[in-house]
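**Q** According to our numbering, the sequence shown is numbered sequentially starting from 602. The C-beta atom is built at its ideal place from N, Cα and C for all residues, glycine as well.
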Amino acid sequence: MVVRPSWRPLACLAVAGVAVTALTGSGSGAAEAAPEPVADHVEVTTGGLPSVPAYRVAAPVVDGGVAVLDDIADYGAERVSGRAGLAGGATAAFDLRRGAIGLAGEVTLDDPAAGVRVKAQVSGGVSRVADDTIRWSGLVEITRAGSRNLVLATITVVDRVLDAGNHAVTLRHAGQDRRAVVHVPAGRGGARGLPVLFHFPGLLETPAVAEQYDKLTPHADERGYLLVIPEHYGTGWQGVLGGPPVPDVDDPGFVRALAAEVHERFGGDPRRTYSSGMSNGGFFTSLTACVLTDVFAAFAPVSGQLNDPRGCAPARQIPIAMIHGDADPLVRYSTTVPAAAFWAAHNGCAPEPVATPLPDTDPDDGTTAIRHDYTGCAAGAPVVLFQVVGAGHAWPGGDPYPVPSLGIAGRDLDANETIWDFVSRYTLPVS
602 MVVRPSWRPL ACLAVAGVAV TALTGSGSGA AEAAPEPVAD HVEVTTGGLP SVPAYRVAAP
662 VVDGGVAVLD DIADYGAERV SGRAGLAGGA TAAFDLRRGA IGLAGEVTLD DPAAGVRVKA
722 QVSGGVSRVA DDTIRWSGLV EITRAGSRNL VLATITVVDR VLDAGNHAVT LRHAGQDRRA
782 VVHVPAGRGG ARGLPVLFHF PGLLETPAVA EQYDKLTPHA DERGYLLVIP EHYGTGWQGV
842 LGGPPVPDVD DPGFVRALAA EVHERFGGDP RRTYSSGMSN GGFFTSLTAC VLTDVFAAFA
902 PVSGQLNDPR GCAPARQIPI AMIHGDADPL VRYSTTVPAA AFWAAHNGCA PEPVATPLPD
962 TDPDDGTTAI RHDYTGCAAG APVVLFQVVG AGHAWPGGDP YPVPSLGIAG RDLDANETIW
1022 DFVSRYTLPV S
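(1) Quick one: what's got a C-beta closer than 7 Å to glycine 869's C-beta in the same chain, skipping five residues either side?
(2) Under 8 Å by Cβ, that's how I've got valine 984 and tryptophan 944 pegged, so tell me the actual separation to the nearest angstrom.
(3) Would you mind reading off the limits of the beta strand (DSSP E) that contains tryptophan 737?
(4) Comparing the CB of aspartate 764 with every heavy atom of the ligand ATP, is any distance shorter than 7 Å?
(5) So, for glycine 683: in the same chain, excluding its five sequence neighbours on each side, which residues have a beta-carbon less than 7 Å away from its beta-carbon?
(6) Is it right to say glutamate 679 is buried, meaning 16 or more other beta carbons lie within 10 angstroms of its own, or is it exposed?
(7) Would you check if there are 3 or more beta carbon pairs closer than 8 Å linking the segment 885-903 to the segment 1021-1030?
(8) Which term fits leucine 751, buried or exposed, when burial requires 16 or more other beta carbons within 10 angstroms of its beta carbon?
(9) What do you reckon, are the CB atoms on threonine 976 and valine 1004 nearer than 8 Å?
(10) Going by the CB atoms, is the gap between threonine 1028 and arginine 857 shorter than 8 Å?
(11) Going by C-alpha distance, which of Val663, Ala721 and Val681 is nearest valine 645?
(12) Looking at the unbroken alpha helix (DSSP H) that takes in proline 808, where does it start and where does it end?
(13) Would you mind working out which of Trp737, Thr968 and Gly949 sits nearest aspartate 929, comparing C-alpha positions?
(14) Going by alpha carbons, who is nearest to glycine 725 out of Gly840, Asp732 and Val681?
(15) In terms of residues, what are the limits of the beta strand (DSSP E) holding asparagine 750?
(16) Please list the terminal residues of the continuous alpha helix (DSSP H) segment that includes threonine 1019.
(17) What does the Cβ neighbour count give for valine 847, buried or exposed, with the cut at 16 atoms within 10 Å?
(18) Whole angstroms is fine: what's the gap from arginine 686's alpha carbon to threonine 692's?
(19) What does the Cβ neighbour count give for arginine 729, buried or exposed, with the cut at 16 atoms within 10 Å?
(20) Going by the DSSP bridge assignment, what does histidine 820 pair with across the sheet?
(21) Thinking C-alpha only, which one of Ala861, Ala951, Gly776 and Val783 is nearest aspartate 851?
(22) Hey, could you find the ends of the beta strand (DSSP E) aspartate 711 is sitting in?
(23) In whole angstroms, what is the alpha-carbon distance linking tyrosine 814 and aspartate 822?
(24) Is the beta carbon of leucine 817 sitting closer than 8 Å to the one on alanine 811?
(25) Rounded to a whole number of angstroms, what is the C-alpha to C-alpha distance between alanine 659 and leucine 1014?
(26) What are the uninterrupted segments assigned as alpha helix (DSSP H) that are 4 or more residues long and contained completely in the segment 821-867, given in chain order?
(27) Please report the residue range of the alpha helix (DSSP H) in which asparagine 881 lies.
(28) Taking just the CA atoms, how far does isoleucine 702 sit from leucine 740?
(29) Could you name the residues that DSSP lists as bridge partners for asparagine 948?
(30) For the beta strand (DSSP E) that threonine 962 lies in, which residues bound it at each end?
(31) Taking isoleucine 971 as part of the beta strand (DSSP E), name the residues at either end of that continuous run.
(32) Report the rounded CA-to-CA distance for glutamate 1018 versus alanine 674, giving the unit in angstroms.
(33) Just to check my reading of the structure: leucine 986 and alanine 946 have Cβ atoms closer than 8 Å, yes? What is that Cβ distance to the nearest angstrom?
(34) With a threshold of 6 Å on Cβ separation, who are the neighbours of valine 892 within its own chain once the five nearest residues in sequence on each side are excluded?
(35) Measuring alpha carbon to alpha carbon, tell me which residue in Asn908, Pro1001, Arg917 and Val903 is nearest aspartate 895.
(36) Which residues in the same chain as leucine 753 place their Cβ atom closer than 8 Å to its Cβ, once the five residues preceding and following it in sequence are excluded?
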């Protein structure tokens, strides 16, 4: 159990007719109270019968925990599992998994002090009523004083100590409901102060598609960072090539609000938050390097460089690494030259880079890689261009898109590893 300050009121969740509610809640009063420890919460409420009194328990988890994990494709709850000892002595166990009818499985609660056992067989009907909060209502079996009966119940769970895996995040910005997936790395559930990498998907690309082709979450698990994959509104990111001009959804403002949510709720490190993306998402990454230099410490666009530097006036000199296949038929490699020159001039670098061929680690993949370093840059503000020779419009080290004309991805350069090795060296300056 990780203890941290409460960040918002908790909602109630219901499962299988038994109310299991995870409550956050810190009340307000005249005197300032100590911060409430952050813990999962469970509430189970049953109805009564003439011979069976109603029963209710609502308590924080003090031992173990309950994980509510979401599907990266549709943002719905995918699994609810865990064993939790509650304040007051009750114990709850959850084993719900996604199937054809939704979440299904078993929930049990044992309360020795009250002499009560509740058992719910769940077959669909579980609602995701808020981020990391689920509810189910239905018939449950309650055993009390040796008597076993069926009664209606509601179960609510709030997962406040965010476990390793995928978590859907929803927020409203500029009049639109926006969504993202936050992946908590394996073995780091509930940890605070983790670095954060944003990955902006490309045109017509969802977070699930980005994960499929770019192999993002295994690398986040390996290197131990929070991975944030926001969903663009409509076909792409606004304000850059390919993005829809209307309605005005203020994508930079959405990203700023999402970063604040990730820092507060997931415990991400505000000084170690980084921006990356592919194609239209790469263009948007470049835009964030112009307008969100107080949010992101370093930047790494892939196959989508700054296409029009006019109006780009970053508030500081920024570290940036660009990755681009020189056989890209969709976003030409030639677009990287003026983009790199702009960043080099902005960061006070020499105008011509130094080229270093990288090892051809996979001679059979049809690609090689060259690293171009601009020298003499301001301290903490390098400009690097990775040229992937022979690669097309794809995420290097990932899978190519199923459109042969877009070209190959190659395996000599792993974009995930290259990006993380670069950006993770930098922290946001203290303002």
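**A** Judging by the given coordinates:
(1) Around glycine 869: Leu795, Val797, Leu827 and Val863.
(2) 5 Å
(3) Per DSSP, tryptophan 737 belongs to the beta strand (DSSP E) from 734-745.
(4) This structure simply doesn't include the ligand ATP, nor any ligand for that matter.
(5) Gly665, Gly666, Val667, Ala668 and Phe695
(6) buried
(7) yes
(8) exposed
(9) no
(10) no
(11) Ala721
(12) 808-815
(13) Thr968
(14) Val681
(15) 748-759
(16) Counting along the chain, the unbroken alpha helix (DSSP H) around threonine 1019 starts and ends at 1016-1024.
(17) exposed
(18) The sequence given here has glycine at residue 686, not arginine. Linking glycine 686 to threonine 692 through their CA atoms gives a straight-line distance of about 5 Å.
(19) buried
(20) Paired residues: none, contrary to the question.
(21) Gly776
(22) Aspartate 711 -> beta strand (DSSP E) spans 703-712.
(23) If you take the alpha carbons of tyrosine 814 and aspartate 822, they lie about 17 Å apart.
(24) yes
(25) 52 Å
(26) 852-866
(27) 881-892
(28) 17 Å
(29) Answer is none; asparagine 948 lacks a bridge partner.
(30) Threonine 962 -> no beta strand (DSSP E), and no H or E assigned at all.
(31) 969-975
(32) 24 Å
(33) Actually they do not touch by this definition, with Cβ atoms about 14 Å apart.
(34) So the qualifying residues of the chain are Pro853.
(35) Per the Cα distances, Arg917.
(36) Gly618, Thr647, Gly648, Ser738, Gly739, Leu740 and Val741
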